[in-house]
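Those sequence lines, one after another, are chains B and W. With the first letter of the first sequence counted as 1, position 84 gets the number 84 in our numbering; the numbers rise by one all the way through. To convert a position in the second sequence, counted from 1, into our numbering, add 752. Glycine included, each C-beta is placed from N, C-alpha and C at the ideal position. Notes to accompany the following structure.
2 protein chains.
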Amino acid sequence: MTMEHPKAAAAVPATRTPAIREDGPQLERILRPRGIAVVGASQEPTKRGYQVVRALQNRGYEGNIQPVNPSGGVLLGLPVAPSVEAASGPVDLAVICTPAPTVPELIRACGRRGLAGAVVLAAGFRELGERGAALEAALTAAARESGVRVIGPNTSGILNLPLGLDLIGVPGTRPGRLALLAQSGNAALALLNDAVDRPGEGFSFVVGLGNESDLRFHEYLAFLGGAPEVGAVMVHAESFRDGEAFLRVARDVAPHLPVVVLKGGRTRAGDRAARSHTGAVASDHLVVRSALRQAGAVEVTRSDDLLPVARMLAGQPAARRGRGLAILADGGGQGTLAADTLEEAGVPLAELGEGTRTRLRELLGPNAALGNPVDFAGAADRDPSVFPQALELILADPEVAGVVVVGLFGGYAIRFAAELEGAEWTAAGELAGVARDAGKPLVVHSIYAESGSRAIRELVEAGVPVLRSVETACRAAAASWERGRHLEVLAGRGPASRGAGDVAPGAAAAPEPDPLEPARQEGRPALLETESRALLERWGVPLVTARFCTTGEEAVQALAELGGEVVVKAVSGTVLHKTEAGGVVVGCATPEAVESAYGSVRRGVEEWAGERGLDPDVRGVLVARRLPSPTVELLVGVRRDASFGHVLTVGAGGTAVEVLKDVAVRVLPVEPAEIREMLDELRIAPLLRGHRGRPPVDLEGLVRLIANLASAACAVPELEELELNPVFASPDSVVAVDARGYRSTAPEVAAG
Amino acid sequence: MTMEHPKAAAAVPATRTPAIREDGPQLERILRPRGIAVVGASQEPTKRGYQVVRALQNRGYEGNIQPVNPSGGVLLGLPVAPSVEAASGPVDLAVICTPAPTVPELIRACGRRGLAGAVVLAAGFRELGERGAALEAALTAAARESGVRVIGPNTSGILNLPLGLDLIGVPGTRPGRLALLAQSGNAALALLNDAVDRPGEGFSFVVGLGNESDLRFHEYLAFLGGAPEVGAVMVHAESFRDGEAFLRVARDVAPHLPVVVLKGGRTRAGDRAARSHTGAVASDHLVVRSALRQAGAVEVTRSDDLLPVARMLAGQPAARRGRGLAILADGGGQGTLAADTLEEAGVPLAELGEGTRTRLRELLGPNAALGNPVDFAGAADRDPSVFPQALELILADPEVAGVVVVGLFGGYAIRFAAELEGAEWTAAGELAGVARDAGKPLVVHSIYAESGSRAIRELVEAGVPVLRSVETACRAAAASWERGRHLEVLAGRGPASRGAGDVAPGAAAAPEPDPLEPARQEGRPALLETESRALLERWGVPLVTARFCTTGEEAVQALAELGGEVVVKAVSGTVLHKTEAGGVVVGCATPEAVESAYGSVRRGVEEWAGERGLDPDVRGVLVARRLPSPTVELLVGVRRDASFGHVLTVGAGGTAVEVLKDVAVRVLPVEPAEIREMLDELRIAPLLRGHRGRPPVDLEGLVRLIANLASAACAVPELEELELNPVFASPDSVVAVDARGYRSTAPEVAAG
């Protein structure tokens, strides 16, 4: 274990993007403290206040260790200060080992001594419900007043292994380039234990976030983004208390530092009532998943993928060049399983060029299979040097972005003949070297991954992940592929092109008269369809032609103006799902029909509302031109997500939206390229592109409509939801047929 | 390791279903041989012919070991016979270690000596393409002629560990109740290695199937179904050379013996050309998956799930009673991940009863979370006996079908205090006992699963799987749940109710005149729509009313008879996708329109076929009543699968079938209950049941239509494909609007 002086370690190499520092210097002091006050230090070996001091000494923490206890004395050879204020020597961080009720006052004491932060180990706060919430509020208040930043409470501790600072205490934890931010203590413990038992990269920083009452995920992530000893960041989160900030920081960090996220609570239903289709069809986790991907983070959904994926991304370059991955197997069965796993993960398999195949045939002889997987069929059994030779040929193929080696490598000396050990060891070094020289990622699956063989150790020391599970190895490879795609997109995009301004092509400059003003005046959350339409028109969203009418005569007049058939819809300030309420009549072609419909849609909504004890609040009717059936009906909506702000949803529309559940989601702002990507993700994408010889819909018009709705949401923070369903998309037109909007009545949003 | 005499081990307990024996007695001799001839025995330690003899001696094989080599002499203390025929003592099985070209003649020699079977280790057969295929044909012929059954060729070997017969040679393999049938040698090797390193049940039988040229999966499975020392069977297969037989045997075996299948090659495109939607939307693997589930096998899609799931099903009862599983966690984070994993796997979480919660509160104190997961929140940290106490309360709840324990159990002495070791060990035994007494399954996730702690060993010895990955533990629990559902369905169904006869409600007895006869006479694979309709009518499938017409006048007459609007469709013996070919005109309401349509659909098909160099073969037109839009359009089809025979596909229909890909699949025969299950699996199921206040479609009529189509397929083996798309389903009617059929022209099928 190499010890670095904190100051030296803090130097950021010139190649790094300038570190994002949100409260950076203070976190610098907290996570690389010159000295630590252990508050509640104890002579009792079973107590945390003893164990922490002991652990700091055992791990070789080089800074100043200052035990604090009112009774004073000496602990493990160190003089005990009677209070934090009385601590001697440089002290940046407190570790508070005392029970929850004592904490707020101790935080204030830390402030008086000029400490930067405090680790609060005690549980007994917000996680206990109301009883603990008050105490947590007191703690947060103390932190704000004193300027001391708090890690936790209810944290499992922190770790800066290069510095010898280990409050978690998993024996055997090795220093290395991984960092971990974990909400759950047990999840961190599991991961650290796995890292000890399974060969690979070790740790620099670990932070247990606990209740995340003061210091948040994004602040730690910003710090790690500027820490040169970190090669990949793992995140275990159950919720993001400030999701927008996390995404912002992740977006800045991810291009130069891989971020891997495991989100717990994926299936937990949110507490938000789903008022619209947009809310009902896009699950909370779909939003999180989309947001993370937009920010360039890699999501894993298995806890046992977190460590292998992070080790892959820390040790190997992203799979950038080439059209797919290749599999190199020394047996058919597992090669096939690897191909299944990659394809199911959406990773393309490269097609090897003719030249590559010719050269491989020369190397491997007549029995080898030269598709993808390449299967040695025994060609390496007596000569492991065939592995690096084959790898070199495959990686030289421009179609190939990276390789997964599958099978027995690293165990040839164990399985076949002990005298192969030396050759296998040499081959391992060559494998790693060939991949490094090619600048392409390599991951090895081996039945013998945990055998401790020399060949395996050689690979691992060279930063090549070696995994015992075919599926986990492929997951690691898929992560490298995914990161490669993200970096390619960023490279194509250029750093300056992000932002809401890019997606406001139809924005009008002057916001007067404000279409939301009447609703604001009335304290009404639901917008009249006429109000939604006015807002959309201003932002250049094409709408079906319609007239607002408050008498039967006006409605008949509207029919004359619009011609053809019309749809008559009630306009209400409370009932926005008009069809269910009998508030819509379709296909009126005569004045009589319109006159009758005028009455019936009003009555329909009134009765429907009456039965439910609601004020029907009917303001009139909309008479809209009836359009011919489109090629595709879509849903396009924006809504505010509690964690991530405005979210855009695009999907299959019409009445069966919740049945089809065919949607794509992005956190705003988005660029037109991302909107096209969303459309491509839909199952109905082939219908948009022209299915079975039919012409495609006006895709550019559709992208423009979606971009303009997104711009409206970005520009009007007060907008809580605005859903267009259906949007009729045809080869020659794209038009919103119906619109439903809500404004926020929360004071802070409405004001903003 | 206990050695059992082969004869004694063969006794089947009375509680077992009578063993299914396809060639059973001969396999009995092969897999429990009284003596083994090692053909190609060698004095050279690096040769298989030496290693096999050595391995048999080392493992303590108690039968007769007879080395065979023309040069004779003595090998490892055993006299070498110059030929198989000259072998002395009882010999049931040969292990052939010589190169491929020698094998056919050696098989014949085995026959002359009266051997039951031969293990052929050599590669160099079918897997090399044409060169090897001829040799494999020679081998198969020799097997048939001699009556010697062949394992392999290209097999990784076999293992009967209770007997000391081990041709695979993974050091440390423990005897136990698992059996493995593996197509891939490396997959078997990986699994055996994992089993050595990860605590749990050991092995009785392993068979490497290799090329499966003679003995097939279903034959081994039938043998294992009658082997009392087997508690669960694992299968790794890339293809089933006789899929129908495998399903038949699996269906018989699975009710009393868990069968777990990993299918490699899931994403590999079949070589079958997709002629119909039915073929295009139901992937080959969807068919395999559905077939396995129907047979009661549990499918896993990760190779690293195969062993844990089999150990779970061998060691614990299926989760039968109760409405869902419960999670018992000693930390929130991992409990949440377990809940995510179970929910994503479609396993419901039980809702604990009020009484259970009250008792848990008394036991666990105020801080515990009593939802599902139940989270101890530290209540067990100093007293592991809380685990079995809580488990007993939870398993007593009738809502709970089984429990996943998640967290640190088994590592309390390691993590918290060494003096907890004894209490933890006691608690482990109690946990296993509580579950056993409740008759409900238990699986334990532990960070310390591989620590070798006394508590972990205690659990494992009691048959409780202990897994290091939360996700794998949940997969094991989900498998127990899945098996429970299958056994419940079987219990409800009664053993006698399966079979094609149950699903032929509309079958007519007399098959004359045969609607397929004209196509047969003409050697024509595609059926005219009129022929498909005639077949469907006979089987009671409701069809839209239509008239076949060969002149314009007849077509006009048909309009008069049918009334309203009609659809005019060309009837061709070659062009079955009429719409694309311009062979359909919809909505003809006048004689003029019908007359014009008559000409245009014929011309359309003729031109379309002409452009493609096809014979248009137009026989006339169908004039069909035009129906109003239905509530739901469905696709219902049958087709023959190369492995599994006739397969039924039900899904969302219409023109966007391949876009929606919303289908359910079953291998025939099916019962009406299974058809209802298929409809429930569709994403469009809510539309069928009545979405948003609309009335449901005539579900019973729909089930009848599907059952009748299925019956037709079961009764007419010659039917290659028959697809109804769309089927119009509405509240008051279910009717097939269009039908496309193909007959098989393969001689063996056409004759049958």
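Should residue i and residue j be called a contact, given that it needs their Cβ atoms to be closer than 8 Å?
i	j	result
W:V1419	W:V1399	yes
B:A81	B:I107	no
B:L722	B:G693	no
B:A379	B:L364	yes
W:A1179	W:P1125	no
B:L180	B:L209	no
W:S1221	W:G1162	no
Per DSSP, which one or two residues make a beta bridge with residue i?
i	result
W:A1321	The question names Ala, yet the displayed sequence has Lys at residue 1321 of chain W. In the DSSP output, where bridge partners are listed per residue, W:K1321 has W:V1336 and W:L1374.
B:K263	B:A237
B:Q66	B:A37
W:D1393	W:G1397
W:G1050	Reading the sequence as shown, one finds Val at residue 1050 of chain W and not Gly. Paired residues: W:V1012.
W:C1301	W:V1373
W:F957	W:N912 and W:A931
Step through the CB atoms of chain W and report whether any lies within less than 8 Å of the CB of residue i.
i	result
B:T173	no
B:D738	no
B:Q183	yes
B:H486	no
B:E611	no
B:A343	Sequence check: residue 343 of chain B is Glu here, not Ala. Yes, contact with chain W.
B:R266	yes
B:G587	no
B:A187	yes
B:E238	yes
B:H691	yes
For chain B, is any of its Cβ atoms less than 8 Å away from the one on residue i?
i	result
W:V1327	no
W:E774	Low confidence applies to W:E774: its pLDDT is 49, below 50, so where it sits in the model is not reliable enough to give any reading.
W:I920	no
W:I1436	yes
W:N1119	yes
W:A1070	no
W:T1497	no
W:A1025	Any answer about W:A1025 is weak, because its pLDDT of 39 lies below 50 and its placement is not dependable; what the coordinates show is given next. Output row for W:A1025: interface = no.
W:D1004	no
W:A1259	Its pLDDT being 46, under 50, W:A1259 is placed unreliably by the model, and the measurement read from it follows with that caveat. False, the Cβ-Cβ gap to chain B never drops below 8 Å.
Review point. Using 8 Å as the threshold, is the stretch 1305 to 1316 of chain W in touch with the stretch 1375 to 1382 of chain W, meaning 3 or more CB pairs across them?
Key: Yes, since at least three Cβ pairs between the stretch 1305 to 1316 of chain W and the stretch 1375 to 1382 of chain W fall closer than 8 Å, the two stretches touch.
Review point. Do the stretch 675 to 693 of chain B and the stretch 607 to 623 of chain B touch if we need at least three Cβ pairs shorter than 8 Å?
Key: no
Practice item. Just list the beta strand (DSSP E) runs in the stretch 383 to 416 of chain B, keeping only unbroken ones of 3 residues or longer that don't cross its boundaries, in chain order. Key: 400 to 406
Practice item. Please go through the stretch 437 to 490 of chain B and give each complete beta strand (DSSP E) segment of 3 or more residues, from N-terminal end onward. Key: 442 to 445
Point to revise | Segments assigned alpha helix (DSSP H), at least 4 residues, entirely inside the stretch 70 to 131 of chain B | key: 103 to 113
Point to revise | At least 3 beta-carbon pairs within less than 8 Å: the stretch 30 to 37 of chain B vs the stretch 133 to 143 of chain B | key: no
Exercise for review: Only counting runs of 4 or more residues, tell me where the alpha helix (DSSP H) segments fall wholly within the stretch 1076 to 1115 of chain W, in order along the chain.
Suggested key: 1084 to 1096
**Study point:** Inside the stretch 650 to 737 of chain B only - beta strand (DSSP E) runs reaching at least 3 residues
**Key:** 663 to 667, 719 to 729 and 734 to 736
Review point. Within the chosen definition, does the stretch 190 to 203 of chain B reach the stretch 296 to 312 of chain B through at least 3 CB pairs nearer than 8 Å?
Key: Counting Cβ pairs under 8 Å, three or more are found: they touch.
Review point. Should the stretch 1077 to 1093 of chain W be regarded as contacting the stretch 243 to 251 of chain B, the criterion being three or more beta carbon pairs within less than 8 Å?
Key: Taking 8 Å as the limit for Cβ pairs, the verdict is that the stretch 243 to 251 of chain B does not touch the stretch 1077 to 1093 of chain W.
Check your understanding: At a cut of 8 Å, does the stretch 697 to 709 of chain B reach the stretch 723 to 734 of chain B through at least three beta carbon pairs?
Key -> yes
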